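Step one of this worksheet: look at the structure below.
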Amino acid sequence: MSSPEPAPPPVSPYYQDPLETWTAKFARKFKENPWVPIGCVATCGALIMSAVKLRQGQSKQMNYWLRARVGLQGATVVALLMGTTWGREFIKEHFGDKEAIAVAEEEAKRAKEAQRERERQEFEERLRAAQLATEQEETFGVSGGKRVVGGTTTTTAETGKSEVVEAAKKSNGWRLWRTSSSQEKDDSSKS
Numbered sequence: 034m035s036s037p038e039p040a041p042p043p044v045s046p047y048y049q050d051p052l053e054t055w056t057a058k059f060a061r062k063f064k065e066n067p068w069v070p071i072g073c074v075a076t077c078g079a080l081i082m083s084a085v086k087l088r089q090g091q092s093k094q095m096n097y098w099l100r101a102r103v104g105l106q107g108a109t110v111v112a113l114l115m116g117t118t119w120g121r122e123f124i125k126e127h128f129g130d131k132e133a134i135a136v137a138e139e140e141a142k143r144a145k146e147a148q149r150e151r152e153r154q155e156f157e158e159r160l161r162a163a164q165l166a167t168e169q170e171e172t173f174g175v176s177g178g179k180r181v182v183g184g185t186t187t188t189t190a191e192t193g194k195s196e197v198v199e200a201a202k203k204s205n206g207w208r209l210w211r212t213s214s215s216q217e218k219d220d221s222s223k224s
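Our numbering numbers the first residue of the sequence shown as 34 and each following residue consecutively.
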């Protein structure tokens with residue numbers, strides 16, 4: 034005899050099938066909040082009627098349908114907000130499956146813990162990479178913007194600007210320094 038097949042695990046109310054067709058999605062969304070698509074159809078109907086009345090030249094009737102469209106559109110927005118915030122929670126609390134809600138909350142908790150663990154591992158990887166980079170900098174004699182000279186660490190400010198200025202003046206690539214140094218030579222030769 035064949036053994037009975039195990040029951041499938043409960044499906045979370047937040048689960049969305051990636052292969053869901055647009056008609057199946059519309060049917061699911063219509064079940065969740067039927068007032069939004071009804072309001073959309075009514076709003077479109079009022080807009081079409083106002084266009085028909087405009088074409089017929091009946092301005093009073095056209096204004097009536099435009100006002101109806103605004104009212105229906107407002108009611109649709111209210112239905113949308115109620116369905117996505119308060120209404121959905123109300124329906125789940127009073128009409129929802131308690132086990133499915135508990136399973137969904139447990140799945141969310143596990144997903145959050147997995148996300149935290151992933152973030153912790155990424156942080157540790159970045160920390161190890163930073164430590165390795167620091168060790169490499171120290172090996173090459175550069176440490177956090179400092180220069181290691183003869184085993185002691187000195188900042189570039191301690192070495193003084195004069196060394197940099199003198200090196201720049203001796204350089205042939207600095208036209209500005211060459212002109213000022215050549216002027217100094219001319220001044221010294223005149224005296």
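Backbone N, C-alpha and C fix where the C-beta goes; we use that ideal spot for every residue, glycine too. All figures in this text were calculated on a predicted structure; none of them were measured in a lab.
Spatial neighbours of L105 in its chain, beta-carbon cut-off 7 Å, leaving aside the 5 residues before and after | By one-based count along the sequence shown, residue 105 stands at place 72. Result list for L105: G72, A75, T76, A79, in chain order.
Return the CA-CA distance between G193 and R153, expressed in angstroms with no decimal places.
-> In the sequence shown, the residue the question calls residue 193 occupies position 160. In the sequence shown, the residue the question calls residue 153 occupies position 120. Bear in mind that a pLDDT of 48 at G193, under 50, signals an unreliable position, so the number given afterwards is only what the model happens to contain. Computed Cα separation, rounded: 43 Å.
Spatial distance of I165 from R159 (CA atoms) = In the sequence shown, the residue the question calls residue 165 occupies position 132. In the sequence shown, the residue the question calls residue 159 occupies position 126. Before going on, a small fix: residue 165 reads as Leu here, not Ile. Cα-Cα distance, rounded: 10 Å.
For K58, verify whether its CB is less than 7 Å away from any heavy atom of the ligand FAD.
-> The ligand FAD is absent from the structure shown, which contains no ligands of any kind.
What separation, rounded to the nearest whole angstrom, lies between the Cα atoms of W68 and T56?
-> In the sequence shown, counting from the first residue as 1, residue 68 sits at position 35. In the sequence shown, counting from the first residue as 1, residue 56 sits at position 23. Spanning the two alpha carbons is a distance of roughly 17 Å.
Counting only the same chain and skipping the five closest in sequence on each side, list residues whose C-beta sits under 7 Å from that of R102.
-> Within the sequence shown, the letter at position 69 stands for residue 102. Closer than 7 Å at Cβ, skipping near neighbours: T76, A79, L80, S83.
Looking at the unbroken alpha helix (DSSP H) that takes in N96, where does it start and where does it end?
-> Numbered from 1 along the sequence shown, position 63 holds the residue referred to as residue 96. Note, N96: alpha helix (DSSP H), 92-117.
Helix, strand or coil at T54 according to DSSP, with G and I counted as helix = The residue given as residue 54 occupies position 21 in the sequence shown. Three-state DSSP puts T54 in coil, outside helix and strand.
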